[in-house]
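Read left to right, the sequence shown gives residues 0 to 218 (numbering that gives the first Met the number 0).
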Amino acid sequence: MTAASSGAQTARPTRLPRSARRKQLLAAAQQIFVAHGYHAAAMDEIAERAGVSKPVLYQHFPGKLDLYLALLDTHCDAIIAKVRTAMSATTDNKERVNGAVRAYFDFVDHESEAFRLVFESDLRNDPAVRERVERVEQGSIAAVTDTIIADTGLSNDQAQLLASGLVGAAGQAAQFWLAGGRRTPKTEAEALVAALIWRGIASFPLQGGSSAGAPLEIG
0 MTAASSGAQT ARPTRLPRSA RRKQLLAAAQ QIFVAHGYHA AAMDEIAERA
50 GVSKPVLYQH FPGKLDLYLA LLDTHCDAII AKVRTAMSAT TDNKERVNGA
100 VRAYFDFVDH ESEAFRLVFE SDLRNDPAVR ERVERVEQGS IAAVTDTIIA
150 DTGLSNDQAQ LLASGLVGAA GQAAQFWLAG GRRTPKTEAE ALVAALIWRG
200 IASFPLQGGS SAGAPLEIG
């Protein structure tokens with residue numbers, strides 16, 4: 000084969016394994032969705048960002064919504080897993096609270112800005128999107144509820160109420176911190192929010208203590 004004929008050959012694009020190609024496409028789609036929102040994003044642009052043809056993109060994802068839902072599944076599952084890990088990684092309840100708060104701050108502070116897909120989606124009215132966004136809250140609440148029940152002996156309804164307060168405070172504070180321009184250093188912000196939550200959670204008696212299972216006194 001001559002140098003001329005060798006140079007005339009067209010190099011074939013690298014053929015990736017299906018799982019690797021899917022990961023590549025999701026990464027490209029995330030960049031476009033974060034930058035432009037769902038409605039303004041175009042499959043042409045996503046394919047171009049990924050360096051593939053549109054037919055290749057459609058081989059993996061039949062439509063734009065399929066891409067978006069796949070990204071939501073990835074990030075929703077990730078934050079629930081982080082909260083569950085915070086609950087199971089230690090038996091120290093103060094550290095559990097710190098871990099749960101840190102999970103939300105880490106999520107909103109990540110350079111990918113994937114939190115915008117979950118918390119600031121312009122497609123919240125779509126039932127499939129709404130279900131996934133709600134699953135983040137419910138999954139995180141469930142993880143904390145199980146721990147509260149095990150440690151305090153409170154009823155499921157009482158534990159869920161407390162868990163919703165913890166998850167709500169952590170998520171809302173993290174978003175407020177980010178929107179405000181991170182004026183408080185991240186570790187300090189996490190510690191402040193965790194301290195607020197802990198002062199409330201710590202007031203409930205541990206299971207097996209002298210007052211375990213006692214009715215919650217209001218007022």
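We put the CB at the ideal spot given by N, CA and C, even for glycine.
Since the structure is predicted, the reported quantities are computational estimates derived from the model, not experimental observations.
Ranked by Cα distance from Arg17, the first of Phe60, Glu44, Val96 is Phe60. Within the region 35 to 100, the complete alpha helix (DSSP H) segments at least 4 residues long are 42 to 49, 53 to 59, 63 to 87, listed from N- to C-terminus. In this chain, the alpha helix (DSSP H) harbouring Ala173 covers 155 to 178. Taking C-beta atoms as the reference points, Gln29 and Ala113 count as a pair closer than 8 angstroms. Between the region 83 to 101 and the region 141 to 156, the count of C-beta pairs closer than 8 angstroms reaches three or more; the two stretches touch.
A distance below 8 angstroms between beta-carbons, with the five flanking residues on each side excluded, links Lys53 to the following residues of its chain, in chain order: Met42, Asp43, Ala46. Between Ile147 and Ala169, the C-beta gap is not smaller than 8 angstroms, which leaves the two residues out of contact. Separation of the CB atoms of Leu122 and Tyr67 is rounded to 7 angstroms, and the pair is thereby assigned contact status at 8 angstroms. Within the same chain, Cβ atoms closer than 6 angstroms to the Cβ of Ala173 are found at Tyr103, Phe104, Val107, the five residues on either side in sequence being excluded. Assignment of Gly138 by DSSP, reduced to helix, strand and coil, places it in the helix class.
Ranked by Cα distance from Lys81, the first of Leu116, Glu136, Ala39 is Glu136. In the displayed model, Gly199 falls within a helix according to three-state DSSP.
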